[in-house]
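In what follows, a single structure is set out as structure tokens and then discussed.
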Amino acid sequence: MRFAVLQFPASNCDQDCVHAVRVLGHQADLLWHKETSLGAAEAVIIPGGFSYGDYLRCGAIARFSPVMQAVQRFAAAGGLVLGICNGFQILCEAGLLPGALIRNRSLQFRCEQVFLKTANYDTPFTRAIPRDRVLKIPIAHGEGCYFADEPTLQTLEANGQILWQYCSAAGELTEAANPNGSLRNIAGICNATRNVAGLMPHPDRACEAILGSTDGRYILESMIAALAPRALAA
Amino acid sequence: MKASIIITPKKAVLDPQGKTVRGALEHLGYTGITDVRVGKYLEIELSGVDRETARRQLDEACHRFLSNPVIEDYRLEIHD
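Chains as they are written, first to last, in our numbering: chain H, 1 to 234; chain Z, 235 to 314.
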């Protein structure tokens, strides 16, 4: 499979994402923010970092970049898009995902391993995750508190758009396990058509045993599994 | 011509910065403060556009870009 990894000024997890995809035996190409086409990419990863210095709001400027216009078209045509950390913030700013990510309730920048419960296994981003497995994946952010108004949260729940929630090692959704104050312990969501997803934790930093966890692989492998039938049909 | 834009977190949105500043003000002995919200202030200089055009354009920019309507409110003022 061929992934495009976007690169904005001050992206800093672009190389991590490229590395993670290659570790899984697939192709990843970096794509500069001024590009207007995604080329032959079969999926897009918007990596973590501080695009455009996080000026104004996280992701607010990146969303208007030329490459994001191409991502909008790609997503509208059903293409798979995964936003990680700053990538999640960009997708929310772009209106491709509902809600927003605001300052952590503690005001702290949190950099640590967290545990995630998968709330919906029937999506291109979760299908390869073993049932009932609690994922251990690191976070590193200061503005990852997921916020949406109550009707939006109810819609997300009703449509199965909540993909991952912060939980304890035992899989319980507790306040203590929530590192940033996200409503409903939300760590990641997808859009209504299930082809665009974002999460604050970094699966790209959890694909090799030396990094302390390989659980991030399940998320990328889910995308790869979802793309396989598409590649055959093409 | 100048424009000033004040952006604040919506009432329904938790503002941990405002809460912390309020706590610090109390700690310093300032009384009677019931709420603090921390936002942003933008000063914009304009030329070659009339007042109405400036207002219309900046109002659109506030909604589309300068503020995020999911979490923020804005107040736009145009000055001569």
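C-beta: ideal position from N, C-alpha, C; glycine also.
query: Assigned exposure category for W32(H) - 16 Cβ within 10 Å defines buried; result: exposed
query: DSSP beta-bridge partners of D307(Z); result: T242(Z)
query: Reference L292(Z); option with closest CA among E311(Z), R256(Z), P243(Z); result: E311(Z)
query: One or two residues paired with P138(H) in a DSSP bridge; result: Q113(H)
query: Residue interval of the alpha helix (DSSP H) (run including L259(Z)); result: 250 to 261
query: Any C-beta of chain Z under 8 Å from that of A176(H); result: no
query: Beta-carbon proximity list for T123(H), same chain, < 6 Å, skipping 5 on both sides; result: C190, R194
query: The segment 81 to 100 of chain H contacting the segment 194 to 204 of chain H, beta-carbon criterion three pairs below 8 Å; result: yes
query: Proximity test, Cβ basis, 8 Å: I309(H) and chain Z; result: As shown, chain H starts at 1 and ends at 234. That puts residue 309(H) outside it, with no answer to give.
query: Classification of V71(H) by the beta-carbon crowding that lies within 10 angstroms, buried from 16 upward; result: buried
query: Whether L116(H) touches A226(H) by CB criterion (8 Å); result: no
query: Backbone CA spacing between K253(Z) and I45(H) [nearest angstrom]; result: 36 Å
query: Rounded separation between R230(H) and E42(H) - CA only; result: 9 Å
query: 8 Å Cβ cutoff, L248(Z) in contact with chain H; result: yes
query: Candidates P98(H), D14(H), A119(H), of which the one nearest G160(H) by Cα; result: A119(H)
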